[in-house]
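**Q** Just so you know, the protein sequences line up as chains A and B, in that order. For the first sequence, the residue numbers in our numbering are 98 to 344. For the second sequence, the residue numbers in our numbering are 4 to 308.
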Amino acid sequence: MLKLREVVAAYGPIIALHGVSLEVPEGSVVAVLGANGAGKSTALRAISGLLRPKSGSIEFEGQRIDRRSAEEIVSMGMSHIPEGRQLFSDMTVLENLRLGAYSRFTGLARSIGEFRRRGQDFEAALKQVFEYFPILAERRSQIAGTLSGGEQQMLAIARGLMGNPRLLLLDEPSMGLAPIVTREIFEIIHAINRTQGVTILLVEQNANLALEIAHYGYVLETGRIALADTSENLRKSEAVQRSYLGQ
Amino acid sequence: MDEFLQQMVTGLATGSVYGLLALAIVLIYRSTTVLNFAQGELAMLTTFIGWSIWEWGGHYWLMFPLVLLIAAGLGAFIERVIIRPVEGAPTLNIIIVTLGLFAIFNNVATWRWGGIPKGFPAPPEIQVTGVKFFGEGALDIGPTVVSYHDLTIIVFAVGIMAALYLFFQYTPVGLAMRATAQNPIASRLMGIRVGRMLTVGWSLSAAVGAVAGILIAHLILLQPPMMMGVLLYAFAAAVLGGLDSPVGAIVGGLIIGVSENLVGTYTPQEWLGPDMKLTVTLLIIVVVLLIRPTGIFGKRALRRV
Numbered sequence: 098m099l100k101l102r103e104v105v106a107a108y109g110p111i112i113a114l115h116g117v118s119l120e121v122p123e124g125s126v127v128a129v130l131g132a133n134g135a136g137k138s139t140a141l142r143a144i145s146g147l148l149r150p151k152s153g154s155i156e157f158e159g160q161r162i163d164r165r166s167a168e169e170i171v172s173m174g175m176s177h178i179p180e181g182r183q184l185f186s187d188m189t190v191l192e193n194l195r196l197g198a199y200s201r202f203t204g205l206a207r208s209i210g211e212f213r214r215r216g217q218d219f220e221a222a223l224k225q226v227f228e229y230f231p232i233l234a235e236r237r238s239q240i241a242g243t244l245s246g247g248e249q250q251m252l253a254i255a256r257g258l259m260g261n262p263r264l265l266l267l268d269e270p271s272m273g274l275a276p277i278v279t280r281e282i283f284e285i286i287h288a289i290n291r292t293q294g295v296t297i298l299l300v301e302q303n304a305n306l307a308l309e310i311a312h313y314g315y316v317l318e319t320g321r322i323a324l325a326d327t328s329e330n331l332r333k334s335e336a337v338q339r340s341y342l343g344q
Numbered sequence: 004m005d006e007f008l009q010q011m012v013t014g015l016a017t018g019s020v021y022g023l024l025a026l027a028i029v030l031i032y033r034s035t036t037v038l039n040f041a042q043g044e045l046a047m048l049t050t051f052i053g054w055s056i057w058e059w060g061g062h063y064w065l066m067f068p069l070v071l072l073i074a075a076g077l078g079a080f081i082e083r084v085i086i087r088p089v090e091g092a093p094t095l096n097i098i099i100v101t102l103g104l105f106a107i108f109n110n111v112a113t114w115r116w117g118g119i120p121k122g123f124p125a126p127p128e129i130q131v132t133g134v135k136f137f138g139e140g141a142l143d144i145g146p147t148v149v150s151y152h153d154l155t156i157i158v159f160a161v162g163i164m165a166a167l168y169l170f171f172q173y174t175p176v177g178l179a180m181r182a183t184a185q186n187p188i189a190s191r192l193m194g195i196r197v198g199r200m201l202t203v204g205w206s207l208s209a210a211v212g213a214v215a216g217i218l219i220a221h222l223i224l225l226q227p228p229m230m231m232g233v234l235l236y237a238f239a240a241a242v243l244g245g246l247d248s249p250v251g252a253i254v255g256g257l258i259i260g261v262s263e264n265l266v267g268t269y270t271p272q273e274w275l276g277p278d279m280k281l282t283v284t285l286l287i288i289v290v291v292l293l294i295r296p297t298g299i300f301g302k303r304a305l306r307r308v
């Protein structure tokens, strides 16, 4: 579904990705592990179009996307849930979710029928998201910035799902959360993959948790792929255990 | 008491004009953090265009929407062609660019229309089932008399405020514009074309400013320096209300308009009087900002420069 070939990306003169190749098969959960500054977030930014790669190619469902803008890429069916959640923190939960669905309904509705269908699609998406995150239904009128950390992460994921993506890029969903909340969120991520068949590319520092739900894993080290294998093998690998699993 | 009411209403009318121009400033500031010093001159220029349309025989109610459209187009053009290239440059650069626009608009107006003050029409009278709207003269409302034009100004300010509120709160484009103002990167990830939203913001702002220009021109005569004083009050109004709050802009404008008028009327000549009304008004603002540095409705802390 997603293929990166020799992607080089940089912030100004500082090269953050030195030719990264990776593949995400349809329906799978793929984890990208690595230390702080290894280039994990940069990889996601390059994929979603926030950062234009210097060279290499990125293919999404058979189409080149490495020269497309972030706005275009969202509407192709990919949601990027960025590091630090990046909610619209002065807006309500519901407004955040509306914005999540923005890419599906651009342009004016051309007929009353279409207008009505959009409303129905939105309500259906909302209902589904509230099934994963019932707490958000309760808090729908609350200002996003006043939610707890765990609820904010849930809203960030929910907002990403409102766009009805086939591929979800998730950046550090466990960041700053208590272990019990993290576990809850990972269970929901797992469920999103299993029940809806959404493909997930997950960037995570918590390698233990990530490898629990992932089928495949890549280990990034200073902008290069150091290891790539099935989660099972990675968990058994001595190098991964030593560096990332803390055993 | 009658005199007091009279001064209040007059203050509300001029305050509405300050508020409208302040609103134009806020619309741009909150999405781009650009303080557009050319806002007043742009309004003046579009008002001159309106005057020409009227001179050529265009009816007032044809001229009015036409000027709004032209202003919106100019606003979009300025954002795309002049502001976009300096986007992301240091704040001072952008301020210099808007000051440059200030000078250009002023020169163009003087060159094309000359410096002699021109009378500008008021909206013509409209009769709806015997009730008079707009036009000349004054309305007797018991204890005081209100000129129709003052009423027109207040109604326009309130109407525009309400329309913008509905637009920002209930339409997808309005929601997307608010999102862009809050978090441009997250907005891009939602599929919002951030650049386009900024262009729409400049268009709206220029149109709102044009309304302020058209309404005040009837009161103070149309001439190139017409908006300079208004711009000063509008900046004060925007800061007082909170630079990121559209409601604050209008409320700030009204407070300044009314207090300016009351100070001018009720303080004795030897002590303060009309000559000192600007000073007193600005003093009020300083005091408010000492107590609430973000302005009355503002959320974001203003950056210290």
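Note that CB positions come from ideal geometry on N, CA and C, so glycine has one too. All values derive from a computational prediction rather than experimental measurement.
Classify L267 (chain A) as helix, strand or coil using the three-state DSSP reduction.
**A** The answer is strand: DSSP assigns L267 (chain A) an E or B state.
**Q** Let me know the secondary structure DSSP gives L101 (chain A) once reduced to three states.
**A** L101 (chain A): strand per DSSP, three-state reduction.
**Q** Chain A beta carbons: is any one of them nearer than 8 Å to that of T191 (chain B)?
**A** According to the sequence displayed, residue 191 (chain B) carries Arg and not Thr. Taking Cβ atoms only, chain A reaches closer than 8 Å to R191 (chain B), which makes this a yes.
**Q** Taking only the alpha-carbon atoms, compute the straight-line gap between G91 (chain B) and L292 (chain B) and give it to the nearest angstrom.
**A** Answer to the nearest angstrom: the Cα atoms are 28 Å apart.
**Q** At a cut-off of 7 Å, would you count Q10 (chain B) as near the ligand HEM, judging by its Cβ distance to the nearest heavy atom?
**A** Of the ligands one can find in the structure shown there are none, so the ligand HEM has no counterpart to examine.
**Q** Once the 5 residues before and after G216 (chain B) are set aside, which same chain residues still bring their CB inside 7 Å of it?
**A** The residues are A46, M47, T49, T50 and M230.
**Q** Verify whether the separation of the beta carbon atoms of K137 (chain A) and L317 (chain A) is less than 8 Å.
**A** Taking 8 Å as the Cβ cut-off, K137 (chain A) and L317 (chain A) qualify as a contacting pair.
**Q** Do you know how far the Cα of G159 (chain A) is from the Cα of S152 (chain A)?
**A** In a straight line, the C-alpha of S152 (chain A) is about 18 Å away from that of G159 (chain A).
**Q** Suppose you measure from the CA of T113 (chain B) to the CA of L69 (chain B); what does that come to, to the nearest Å?
**A** Taking the straight line from one Cα to the other gives about 22 Å.
**Q** So A128 (chain A) is in the beta strand (DSSP E); what residue range does that whole segment cover?
**A** Per DSSP, A128 (chain A) belongs to the beta strand (DSSP E) from V126 to G131.
**Q** Taking only beta carbons into account, state which residues of the stretch 172-184 of chain B come closer than 9 Å to chain A, listed in chain order.
**A** Here the close residues are P175, L178, A179, R181 and A182.
**Q** How far does the beta strand (DSSP E) with D143 (chain B) in it reach, from first residue to last?
**A** That run of the beta strand (DSSP E) goes A141 to I144.
**Q** Since I believe G260 (chain A) is in contact with G216 (chain A) (beta carbons under 8 Å), could you give me their beta-carbon distance rounded to a whole number of angstroms?
**A** 16 Å between Cβ atoms; not a contact.
**Q** Looking at R195 (chain A): is its Cβ nearer than 8 Å to the Cβ of Q249 (chain A)?
**A** Against a cut-off of 8 Å, the Cβ pair of Q249 (chain A) and R195 (chain A) comes out as no contact.
**Q** Per DSSP, which residues does Q130 (chain B) bridge with? Please list them.
**A** Beta-bridge pairing links Q130 (chain B) to B:K135.
**Q** Any idea what DSSP makes of Q226 (chain B), helix, strand or coil?
**A** It is coil, neither helix nor strand.
**Q** For E269 (chain A) and chain B, any beta-carbon pair shorter than 8 Å?
**A** Chain B contact via Cβ: absent.
**Q** How would you label G162 (chain B), buried or exposed, when you count the other beta carbons within 10 angstroms and need 16 or more for buried?
**A** Exposed, since its Cβ has fewer than 16 Cβ neighbours within 10 Å.
**Q** Express the C-alpha separation of I99 (chain B) and V283 (chain B) in angstroms, rounding to a whole number.
**A** C-alpha separation (whole angstroms): 29 Å.
**Q** Just the C-alpha distance for L114 (chain A) and E120 (chain A), rounded to the nearest angstrom, thanks.
**A** For L114 (chain A) and E120 (chain A), the distance between alpha carbons rounds to 16 Å.
**Q** Nearest-angstrom Cα distance between I285 (chain A) and L192 (chain B)?
**A** Approximately 22 Å between the Cα atoms of the pair.
**Q** Report the option in A:I322, A:N303, A:A241 and A:L265 whose CA atom is closest to the CA atom of M173 (chain A).
**A** Selected option, being the one with the closest Cα: A:L265.
**Q** Applying the 10 Å Cβ sphere with the 16-neighbour rule, what's the burial state of P150 (chain A)?
**A** P150 (chain A) should be labelled buried.
**Q** For V158 (chain B), count neighbouring C-beta atoms within 10 Å of its own C-beta (all shown protein chains included) and say buried if the count is 16 or more, exposed if not.
**A** By the 10 Å Cβ count, V158 (chain B) comes out exposed.
**Q** Taking 8 Å as the threshold (C-beta atoms), are L191 (chain A) and R237 (chain A) in contact?
**A** Yes.
**Q** Can you name the residues of chain B whose CB is closer than 8 Å to the CB of Y108 (chain A)?
**A** By Cβ distance, chain B contributes nothing, its closest Cβ being about 14 Å from Y108 (chain A), past 8 Å.
**Q** Pull out every residue of the stretch 193-205 of chain B whose Cβ sits closer than 9 Å to any Cβ of chain A, in chain order.
**A** Cβ contacts with chain A come from M193, G194, I195, R196 and V197.
**Q** Which residues of chain A have a Cβ atom closer than 9 Å to the Cβ of I188 (chain B), listed in chain order?
**A** L147, A167, P179 and Q183, listed in chain order.
**Q** Note down, in chain order, every chain B residue with its Cβ under 8 Å from the Cβ of T203 (chain A).
**A** Residues of chain B passing the Cβ test: G194.
**Q** Would you grab the beta carbon distance between G124 (chain A) and T327 (chain A) for me? Rounded to a whole angstrom, and I think it's under 8 Å.
**A** About 15 Å separates the two Cβ atoms, so there is no contact after all.
**Q** I277 (chain A) to L23 (chain B), Cα distance in whole Å?
**A** Roughly 51 Å separates the two Cα atoms.
**Q** Using a threshold of 8 Å, state whether the C-beta atoms of I195 (chain B) and E168 (chain A) are closer than that.
**A** Yes, the Cβ-Cβ distance between I195 (chain B) and E168 (chain A) is below 8 Å.
**Q** Quick check on the DSSP output: the beta strand (DSSP E) that includes A253 (chain A) runs from which residue to which?
**A** Note, A253 (chain A): premise wrong, no beta strand (DSSP E); alpha helix (DSSP H) at G246 to M259.
**Q** I'd like to know if the stretch 18-35 of chain B and the stretch 245-256 of chain B are in contact, where contact means that at least 3 CB-CB pairs between them fall below 8 Å.
**A** Touching, per the Cβ criterion.
**Q** Residues of chain B with CB under 8 Å from E220 (chain A), in chain order?
**A** Ordered by position in chain B, no residue passes the 8 Å Cβ test against E220 (chain A), which lies about 15 Å from the chain.
**Q** With a CB to CB cut of under 6 Å and the five nearest residues on each side skipped, what residues in its chain are close to Q226 (chain B)?
**A** Result list for Q226 (chain B): P120, in chain order.
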